[in-house]
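The structure under discussion appears below in the form of structure tokens.
What follows is the structure in structure tokens.
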């Protein structure tokens with residue numbers, strides 16, 4: 003094994019756009035609860051912990067957000083994530099932040115299932131909602147509480 007086999011990597015600079023999510027947020031709309039975002043040591047992954055009431059059902063879980071890097075392959079171009087929740091779901095998403103608009107694509111970028119929300123000028127709230135391909139969806143807004 004050569005000395006360069008374990009080169010020190012640095013996080014992709016596009017991850018810094020997600021800094022505005024760091025903190026604890028109160029979620030309102032058709033889903034109620036809280037989410038907390040924090041950087042994992044090293045800055046390669048943003049971790050979300052959530053505790054929601056969704057249509058009368060409590061759902062808690064976590065999400066790992068960053069560039070996917072499969073064994074022996076380079077890191078993905080898109081910022082991807084996977085959610086693990088107490089109902090057994092393991093959803094995958096792609097995050098995209100363009101100026102003040104956050105889009106979270108269900109599955110792959112361009113999916114007909116997505117969340118789109120806009121941050122306020124001060125960055126302490128975001129309003130938007132989930133859109134589903136069958137015409138459904140729900141409102142989901144956030145307000146920073148910490």
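Residue numbers (our numbering): 3 to 148.
We treat Cβ as the ideally placed atom computed from N, Cα and C, and that holds for glycine.
Note that the coordinates shown come from a computational prediction; the quantities given were computed from them, not determined experimentally.
Buried or exposed (CB count within 10 angstroms, at least 16 for buried), residue i
i           : result
residue 97  : buried
residue 83  : buried
residue 29  : buried
residue 147 : exposed
residue 42  : exposed
residue 123 : exposed
residue 141 : exposed
residue 3   : At residue 3, the pLDDT of 45 sits below 50, so the modelled position is not reliable; the number obtained from the coordinates is stated separately. With fewer than 16 other Cβ atoms within 10 Å, it is exposed.
residue 11  : exposed
residue 121 : buried
residue 79  : exposed
Residue range of the beta strand (DSSP E) that includes residue i
i           : result
residue 97  : 94 to 100
residue 106 : 103 to 108
Distance CB(residue i)-CB(residue j) smaller than 8 Å
i          : j           : result
residue 31 : residue 131 : yes
residue 63 : residue 86  : yes
Integer Cβ distance of residue i from residue j, believed to fall under 8 Å
i          : j          : result
residue 68 : residue 47 : 4 Å
residue 33 : residue 56 : 5 Å
residue 39 : residue 24 : 5 Å
residue 49 : residue 61 : At roughly 17 Å, the Cβ-Cβ gap does not stay under 8 Å, so residue 49 and residue 61 are not in contact.
Discussion item. Which runs of the beta strand (DSSP E) at least 3 residues long sit entirely within the region 59 to 89? Give them in chain order.
Written reply: 59 to 68 and 81 to 87
Practice prompt. Jot down the residue ranges of each uninterrupted alpha helix (DSSP H) in the region 121 to 146, minimum 4 residues, whole runs only, in chain order.
Written response: none
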